[in-house]
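Take a look at the structure set out below.
2 protein chains.
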Amino acid sequence: MKISVGLVDDHQLFLKSLGLMIENFDECKVAVMAMNGKDLQERISSNDPPDIILIDVSMPVMDGIDTAKWLTQNYPFIKLVALSMNDSDRIIIEMIKAGCCAYLLKDTHPNELEKAIHEIYTKGYYNSDVININYRRLLQEQNDPLNITENEKLFLQLACSDLTYKQIGIEMHLSERTIDGYRENLFHKFKVQSRVGLVLEAIRKNCVKLNP
Amino acid sequence: MKISVGLVDDHQLFLKSLGLMIENFDECKVAVMAMNGKDLQERISSNDPPDIILIDVSMPVMDGIDTAKWLTQNYPFIKLVALSMNDSDRIIIEMIKAGCCAYLLKDTHPNELEKAIHEIYTKGYYNSDVININYRRLLQEQNDPLNITENEKLFLQLACSDLTYKQIGIEMHLSERTIDGYRENLFHKFKVQSRVGLVLEAIRKNCVKLNP
DNA sequence: TTAAAAAACGGGAAAATCCCCGTATGAGGA
DNA sequence: TCCTCATACGGGGATTTTCCCGTTTTTTAA
């Protein structure tokens, strides 16, 4: 009996060719391929779910974290593997928290992928060496969470623009003083001392989305 | 005689599996695979170069643009295809300028890739519909270059920080007034009206590098 | 229910930003 | 040679940001 593998990735070329590669692994067969979490929900069959699902982190419609969470909820026996290009960011931790038992980079060697799938299937876990480097920093960030309010988050998004604080206040239907409070709180949380510093830090930490 | 294809991509999983897929295309064979431009320079054989090379845009060591330029210089008969995930940015134009005759997204369908390779081999070009949408804007940006001074560039980099203009002036050994002039010029060039707007636009246009 | 915590709000002031006004200097072209 | 243009610089003032000092209202917890 082969290991049944599922794939979720928004890049068709990668999805299809990775599927082809995994089909070529002796022990594996591809059970389901999906473009994103939403797509997976429709394609996954409840009476014959795959053993392992590889999930890309960054996807439109329904991203890796939400997909992993949904799978842990609805298919707790499926082993989840996060697949990503950027080893940076505490997104790794988010994915682990969402139920992934491994985190692989897209530039790992095919052999390592095969080994990882095998180990996860037999032992239930796999640790890639590459990741461990940043582990301490990641856990540290995790222990010291930013803890940003919903309103602060909205303010942060609006602060990443040409708008003045007064305009942001009007936009959020709040007094300029309240906005002032948000600013001050975020300055402390991000350890910065100017709006520019705040914006830069928010971008680095992926707290805001830049519209092109 | 099969079409000989070369691949350049820093993500091993993608590189290897895409290679596998292209080998499966009836008309194609994979002649060379490389992790980046530097790697390609060493692997490419001058007596039997491939017909077509697919180049990923974002790579470490030697990126897609430099790789394409080098290939157009040294192997002008090889057809180049840019391969990328983000259709945004005028990087597309840069790649075309560097000698690419097509620009494909990583989420195109395998069939379209096969079709593209075939058309490029027979006709010498291929136009994906997806790209044409932004063409006008891209060309317009190209016609209206930003034309940023060396000093303005340095100022821009320093403006992306917690530093005040006064501190930036000291850092650059220039008067605060002069800095003021740089600011004003860049505000016009970037069509913004605040330092935050300037910083955001500079990040969008890849004029500055964010240190993590 | 009541005390404590937090969120929202306000006045005021120093600092920084933004945007005018101008002058001086040096390089390059008519 | 003189003129233009780009660059560096300065004064000054309106606006915004930043950071104090508070009070009132709402939420939370005991």
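Residue numbers (this note's numbering), protein chains in the order written: chain R, 2 to 213; chain C, 2 to 213. Glycine residues also receive a C-beta, built at the ideal position from the N, C-alpha and C atoms.
CB contact check: residue i to chain R, cutoff 8 Å
{"i": "aspartate 181/C", "result": "no"}
{"i": "histidine 189/C", "result": "no"}
{"i": "lysine 98/C", "result": "no"}
{"i": "valine 31/C", "result": "no"}
Assigned secondary structure, residue i (DSSP; H/G/I helix, E/B strand, else coil)
{"i": "methionine 86/C", "result": "coil"}
{"i": "lysine 192/C", "result": "coil"}
{"i": "aspartate 57/R", "result": "strand"}
{"i": "lysine 206/R", "result": "coil"}
{"i": "asparagine 4/C", "result": "A small correction: the amino acid at residue 4/C is isoleucine; asparagine does not occupy that position in the sequence shown. Three-state result, isoleucine 4/C: strand."}
{"i": "proline 111/C", "result": "helix"}
{"i": "methionine 63/R", "result": "coil"}
{"i": "isoleucine 23/R", "result": "helix"}
{"i": "phenylalanine 78/R", "result": "coil"}
{"i": "threonine 123/C", "result": "helix"}
8 Å Cβ cutoff, residue i in contact with chain C
{"i": "cysteine 101/R", "result": "no"}
{"i": "proline 235/R", "result": "In the structure as shown, chain R starts at 2 and stops at 213, and residue 235/R therefore has no counterpart that could be examined."}
{"i": "glutamine 143/R", "result": "For glutamine 143/R, the predicted model reports a pLDDT of 48, less than 50, meaning its position is unreliable and no value from the coordinates is stated."}
{"i": "asparagine 48/R", "result": "no"}
{"i": "valine 6/R", "result": "no"}
Cross-chain neighbours of residue i in chain R, by beta carbon under 8 Å
{"i": "cysteine 161/C", "result": "Val197, Leu201"}
{"i": "isoleucine 204/C", "result": "Ile204, Leu211"}
{"i": "lysine 107/C", "result": "His12, Gln13, Leu14, Phe15"}
{"i": "leucine 21/C", "result": "Ser18, Leu21, Met22, Asn25"}
Under 8 Å between C-beta atoms of residue i and residue j
{"i": "aspartate 52/C", "j": "serine 5/C", "result": "yes"}
{"i": "isoleucine 97/R", "j": "isoleucine 79/R", "result": "no"}
{"i": "valine 200/C", "j": "cysteine 161/C", "result": "yes"}
{"i": "isoleucine 149/R", "j": "leucine 159/R", "result": "no"}
{"i": "alanine 103/C", "j": "isoleucine 121/C", "result": "yes"}
{"i": "asparagine 37/R", "j": "methionine 2/R", "result": "no"}
{"i": "lysine 39/R", "j": "valine 62/R", "result": "yes"}
{"i": "aspartate 163/C", "j": "valine 197/R", "result": "yes"}
{"i": "leucine 21/C", "j": "leucine 21/R", "result": "yes"}
{"i": "arginine 95/R", "j": "isoleucine 56/R", "result": "Strictly speaking, residue 95/R in this sequence is glutamate, with arginine absent from that position. Against a cut-off of 8 Å, the Cβ pair of isoleucine 56/R and glutamate 95/R comes out as no contact."}
{"i": "asparagine 157/C", "j": "leucine 114/C", "result": "The residue asked about is misnamed: residue 157/C is leucine in this sequence, not asparagine. No, these two residues do not count as a Cβ contact at 8 Å."}
{"i": "valine 82/C", "j": "leucine 105/C", "result": "yes"}
{"i": "valine 33/C", "j": "isoleucine 23/C", "result": "no"}
{"i": "methionine 86/R", "j": "histidine 110/C", "result": "no"}
{"i": "glutamate 292/R", "j": "lysine 167/R", "result": "Residue numbering for chain R in the displayed model covers 2 to 213; residue 292/R lies beyond these limits and cannot be assessed."}
{"i": "leucine 211/C", "j": "isoleucine 204/R", "result": "yes"}
{"i": "valine 9/C", "j": "threonine 68/C", "result": "yes"}
{"i": "glutamate 153/R", "j": "tyrosine 183/R", "result": "yes"}
Bridge partner(s) assigned by DSSP for residue i
{"i": "alanine 35/R", "result": "Val9/R"}
{"i": "tyrosine 104/C", "result": "Ala83/C"}
{"i": "isoleucine 169/C", "result": "Beta-bridge pairing links isoleucine 169/C to no other residue."}
{"i": "cysteine 29/C", "result": "Ile4/C"}
Beta-carbon neighbours of residue i, restricted to chain R and to distances below 7 Å
{"i": "glycine 86/C", "result": "Strictly speaking, residue 86/C in this sequence is methionine, with glycine absent from that position. Simply His12."}
Under 8 Å by beta carbon: chain C residues contacting residue i
{"i": "valine 193/R", "result": "Asp163"}
Chain-ordered neighbours of residue i on chain C, where CB pairs are closer than 9 Å
{"i": "glutamate 41/R", "result": "Note that residue 41/R is leucine in the sequence shown here, rather than glutamate. Within chain C, no residue comes near leucine 41/R; the closest Cβ sits about 16 Å away, beyond 9 Å."}
Under 7 Å from the C-beta of residue i: neighbouring residues of chain C
{"i": "leucine 114/R", "result": "Leu14"}
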